[in-house]
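Notes follow the structure.
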Amino acid sequence: MLNKNDIRSIILPLVKGLPIILTTLGLAVFIAIRTINYSVPMYEATAKIKLDDQQFGVSHNNLFKDFDMFSSVNKIDAEVEILKSQLLLSKASQHMHDDVRYYRHGNIKTSEMYKASPFKVTYAIKDSACYQTTFYLNIEDTGHFVLSYTYGNKTTSIPGTFNVPIKTPLAELMIGLTNATVSSGEVKLVDQFSFVVLSKEQQLKSVNEKQLDVKALDKDIPIIRLSYRSEVPEKSADFVNALAKAYINDYVSSKAAAAEKTVVFIDKRLEQIAMELDRSEKDLQHFKLENHVVNTYQETETGLKKLSELRIQQTNLEMNETALDELHDYITRNQHFDHAAPHVGFGDLLFTESIKNLRLFTNEKRDLLTRYTADNEKIKNIDAKINDLKKYIIEAIKNSKKDINIKKRELDAAVELASHEFDGLPIRERNQVILERKFRLNEKMYNFLSEKKMEAMVAQNANLCFHRIIQYADTPLKPVSPNKTLIVFVAGFLGLFVGIGMVFLIHTGRGRIESRFEIEKHSSLPLAGIIKRSVQPIDTALIFNNLVKNLQLLNKLSAGNVITVTSSIHQEGKTHTAQHLANAASQIGFKTLYIKADTLSENTAQHQTGLIELLAQPTLVHTFIAQQTQHLAHLGLGNYHHTQAHLLNINAISLLIDELKTAFQLIIIEAPSSTLTVDAITWMKLADTTLYLTRHNSSNFKYLANAEYIAHEYQINNINLVLNDYSGSSNFNGLFSGALFTNLTFWQRIKNRMEIPVAFLSNLKKVS
26 MLNKNDIRSI
36 ILPLVKGLPI
46 ILTTLGLAVF
56 IAIRTINYSV
66 PMYEATAKIK
76 LDDQQFGVSH
86 NNLFKDFDMF
96 SSVNKIDAEV
106 EILKSQLLLS
116 KASQHMHDDV
126 RYYRHGNIKT
136 SEMYKASPFK
146 VTYAIKDSAC
156 YQTTFYLNIE
166 DTGHFVLSYT
176 YGNKTTSIPG
186 TFNVPIKTPL
196 AELMIGLTNA
206 TVSSGEVKLV
216 DQFSFVVLSK
226 EQQLKSVNEK
236 QLDVKALDKD
246 IPIIRLSYRS
256 EVPEKSADFV
266 NALAKAYIND
276 YVSSKAAAAE
286 KTVVFIDKRL
296 EQIAMELDRS
306 EKDLQHFKLE
316 NHVVNTYQET
326 ETGLKKLSEL
336 RIQQTNLEMN
346 ETALDELHDY
356 ITRNQHFDHA
366 APHVGFGDLL
376 FTESIKNLRL
386 FTNEKRDLLT
396 RYTADNEKIK
406 NIDAKINDLK
416 KYIIEAIKNS
426 KKDINIKKRE
436 LDAAVELASH
446 EFDGLPIRER
456 NQVILERKFR
466 LNEKMYNFLS
476 EKKMEAMVAQ
486 NANLCFHRII
496 QYADTPLKPV
506 SPNKTLIVFV
516 AGFLGLFVGI
526 GMVFLIHTGR
536 GRIESRFEIE
546 KHSSLPLAGI
556 IKRSVQPIDT
566 ALIFNNLVKN
576 LQLLNKLSAG
586 NVITVTSSIH
596 QEGKTHTAQH
606 LANAASQIGF
616 KTLYIKADTL
626 SENTAQHQTG
636 LIELLAQPTL
646 VHTFIAQQTQ
656 HLAHLGLGNY
666 HHTQAHLLNI
676 NAISLLIDEL
686 KTAFQLIIIE
696 APSSTLTVDA
706 ITWMKLADTT
716 LYLTRHNSSN
726 FKYLANAEYI
736 AHEYQINNIN
746 LVLNDYSGSS
756 NFNGLFSGAL
766 FTNLTFWQRI
776 KNRMEIPVAF
786 LSNLKKVS
């Protein structure tokens with residue numbers, strides 16, 4: 026989410042670049058208006074055709090449902106393609122009588138006149154090259170004109186009179202005034218005109234697909250919309266109506282012609298189909314008598330049902346036989362019958378009861394064995410009963426299996442007999458199906474052709490079409506293009522965004538520091554304060570007084586401190602800042618020494634005792650100190666030459682500064698630019714506080730990286746950034762920006778923003 030500072034960083038460049046934005050906006054609107062004025066307006070006319078709906082339309086009525094021959098549910102897309110076909114377009118063009126095109130020539134653009142032409146041309150073609158030739162007509166007065174054309178790289182001009190034939194190698198022409206022109210006596214007759222004679226192919230090609238629009242309103246609604254665009258409003262309406270009428274007329278004529286041909290074709294086919302139908306009917310009758318066929322399907326179904334029942338009985342017998350085998354194994358192999366009895370699948374209650382008794386005898390024997398020995402009479406009696414019952418069950422199983430085998434043999438014989446009933450059935454049935462199919466096909470064809478013959482005869486005589494034009498095109502009164510409002514809006518919109526883009530591009534390309542927030546965003550060094558732009562001396566004194574007090578509150582300025590003022594490059598305001606900072610400090614009670622140690626600046630005090638002389642002759646230091654009786658003292662560079670650079674070593678300077686501290690409470694040093702000489706690093710290391718200047722709307726972000734590099738590389742921890750020449754409304758820290766934190770009125774702020782400070786002009790002159 027954007028905070029206040031982000032919004033301010035976005036809006037501020039827009040406010041400053043407002044002239045650029047307004048210029049691009051005005052230029053874009055101006056170009057759009059001029060383009061609209063010189064562009065040819067296009068008019069659009071629209072007609073609508075309703076297609077017949079076979080489910081809900083008029084032809085759904087029983088009286089009319091067969092009038093439209095072979096009518097089916099219309100495919101809307103197919104009808105759209107028909108309307109765009111070359112056939113219908115050529116018919117519409119012929120109906121327009123647009124074989125001669127008339128144009129009026131203006132100073133800027135040429136416009137087609139169509140029916141508004143003040144003259145009419147009749148022609149007789151001699152050479153086909155006439156179709157590619159443009160004839161120019163310069164009407165001099167109501168009776169005379171000059172006709173000119175180019176043929177064979179030769180331009181010919183022929184003077185002529187209205188309604189008098191003109192013979193040319195291309196065609197014989199006669200130009201006459203229209204009745205409307207003669208009756209009204211228009212002054213516009215005297216002008217520059219031209220006309221072109223078009224062949225049928227050229228008329229067809231002149232129908233631009235981009236200008237013609239044919240489409241369905243909806244895929245489920247059988248209504249087609251026809252639209253045509255032209256620079257002449259009457260022409261657009263006439264062409265759309267001509268195309269709609271050509272579609273209806275073509276539909277009626279094509280259906281009538283098709284119906285006539287269909288009646289002839291159906292008559293011939295009915296004779297052939299009648300003979301084939303009679304022959305197939307006799308063949309089917311002979312086949313049924315010969316094979317005694319009544320209903321093959323019913324006979325086959327009965328036989329298959331009987332065979333299925335016999336096979337089910339066979340399966341049941343096999344299941345019973347398997348159950349008896351399981352019972353036999355259970356009786357013969359099991360001595361104690363303590364397992365579950367087998368499932369008796371055939372459901373004989375005798376076996377079920379016998380198995381139950383056998384288990385009861387076995388359980389009784391087990392109980393008796395707990396009290397008696399195996400030789401006891403009761404045990405023997407139980408064993409005898411068990412053996413007799415087992416023999417009975419085994420004998421019953423044998424008898425049951427014999428019965429099952431007998432039934433199986435009977436069923437096998439019955440199945441064999443039933444299966445032979447279908448011998449030859451596929452062939453007989455196939456032959457019958459072929460004969461019946463042939464008969465049904467001929468019968469269906471005969472009935473179909475009979476019905477269609479009646480429909481075709483009705484359609485041939487009715488000549489009706491249930492497609493109809495539900496809306497004819499009217500002459501449009503307003504052009505559809507160019508859309509003036511949209512073009513001006515889009516042009517203005519693009520101009521606005523181009524202007525905004527240019528503003529942000531310039532702003533981004535400049536990469537200049539514009540606020541405290543941008544310094545904090547691009548650098549980790551602390552900001553000691555800002556120096557606002559001022560014109561009046563009283564304002565300057567107040568600004569630097571605030572800066573000194575702010576440095577005191579931040580514990581960056583106190584008695585015995587050395588403050589170095591530097592920057593990355595020239596023209597950042599080091600001299601202005603150092604001088605006024607020294608003034609402000611002296612006014613609040615600090616005995617201050619201002620040292621101008623910028624070896625790269627213009628030396629204006631070469632013949633005075635300065636820094637170089639004090640370093641070369643330390644005995645002069647006491648003399649210099651004794652001469653300073655005011656709260657503010659100045660020490661220039663002195664008579665400096667690059668050969669004396671060895672004097673500016675850190676040890677000598679450190680000793681000098683220590684000695685000067687005994688006489689001054691505050692020493693402010695104007696150091697050279699840090700990117701141009703290493704001497705700036707010397708002064709920064711000797712200082713208690715370094716004020717590193719950046720200039721509002723002038724310093725580049727990359728110079729902040731230089732300050733970061735110096736602090737890291739040389740282990741200098743006293744670097745504090747200062748934003749100089751700030752023109753915005755804010756407090757001494759540059760935080761609370763806005764009109765509420767300034768004493769100026771709105772118009773004064775506008776004036777200060779628009780005017781160029783005198784100091785800036787002077788600096789600009791120095792650079793130049």
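First residue of the sequence shown: 26, per my numbering; consecutive thereafter.
Where a beta carbon is used, it is the ideal one built from N, C-alpha and C, also for glycine.
This one's a predicted model, so the numbers in the text were calculated from it and none came from an experiment.
Using a C-beta cut-off of 8 Å, the stretch 411-425 makes contact with the stretch 386-397, since at least three inter-stretch Cβ pairs fall below that distance. For Lys230, there is no enclosing beta strand (DSSP E); the residue is found in the alpha helix (DSSP H) stretching over Lys225 to Lys230.
Linking Ala282 to Lys145 through their CA atoms gives a straight-line distance of about 38 Å. Counting along the chain, Lys710 sits inside the alpha helix (DSSP H) bounded by residues Asp704 to Leu711. Glu695 is not a Cβ neighbour of Ile588, given a cutoff of 8 Å. Residue state for His130 is assigned as strand, using DSSP reduced to three classes. Membership of Ala399 in any alpha helix (DSSP H) is not indicated, and neither H nor E is assigned to it by DSSP. Around Ala117, the same chain offers Ala267, Leu268 and Ala271 as residues with beta carbons nearer than 6 Å, after the five sequence neighbours per side are excluded. With fewer than 16 other Cβ atoms inside 10 Å of its own Cβ, Thr648 counts as exposed. Looking only at Ser278, Glu733, Tyr276 and Val215, the smallest Cα-Cα distance to Asn163 is reached by Val215. Under the DSSP assignment, Glu197 falls in the beta strand (DSSP E) whose first and last residues are Ala196 to Leu202.
Counting the other CB atoms within 10 Å of its CB gives Glu638 a total of 16 or more, which places it among the buried residues.
The beta-carbon separation of Tyr739 and Ile706, rounded to 6 Å, stays under the 8 Å limit for a contact.
Closest in C-alpha terms to Ser219, from the list Lys463, Glu234 and Tyr174, comes Tyr174. Boundaries of the beta strand (DSSP E) around Thr147: Phe144 to Ile150. Put simply, the backbone Cα of Ala241 is about 4 Å away from that of Ile249. According to the DSSP assignment, Lys381 belongs to the alpha helix (DSSP H) that extends over Leu374 to Leu394. The three-state secondary structure of Pro562, taken from DSSP, is helix. Ranked by how close their Cα comes to the Cα of Val289, the residues Thr135, Met479 and Ser136 have Met479 in first place. Annotation for Glu543: no beta strand (DSSP E) segment contains it, though the alpha helix (DSSP H) segment containing it runs Arg541 to His547. For Phe218, the uninterrupted beta strand (DSSP E) segment begins and ends at Gln217 to Val222.
Between Val747 and Ala553, the C-beta gap is smaller than 8 Å, which places the two residues in contact.
Annotation for Phe160: the continuous beta strand (DSSP E) segment containing it runs Thr159 to Ile164. Between Met121 and Asp263, the gap from beta carbon to beta carbon is short of 8 Å. Going by DSSP, Pro44 is part of no beta strand (DSSP E) but of the alpha helix (DSSP H) stretching over Leu43 to Tyr63. At a Cβ-Cβ threshold of 8 Å, Pro258 and Pro501 count as neighbours. In this chain, the alpha helix (DSSP H) harbouring Tyr728 covers Lys727 to Glu738. Shown here, His169 sits in a strand according to DSSP, grouped into three states. Counting only residues of its own chain and dropping the five nearest sequence neighbours on each side, Ser136 has a CB closer than 6 Å to the CB of Arg129. By a beta-carbon distance limit of 8 Å, Phe376 does not contact Ile419. Their separation comes to about 11 Å. The alpha carbon of Ala57 has as its nearest neighbour, out of Leu636, Ala481 and Leu511, the alpha carbon of Leu511. Within 10 angstroms of the beta-carbon of Val515 lie fewer than 16 other beta-carbons, which makes it exposed. In the assembly as shown, Glu539 is a buried residue. Its beta-carbon has 16 or more other beta-carbons within 10 Å.
In this structure Leu229 does not touch Leu460 by the C-beta definition: roughly 58 Å separates them, more than the 8 Å allowed.
According to DSSP, residue pairing for Arg537 in a beta bridge involves Asn725. Taking a 10 Å sphere around the C-beta of Met709, we find 16 or more other C-beta atoms and assign the residue as buried.
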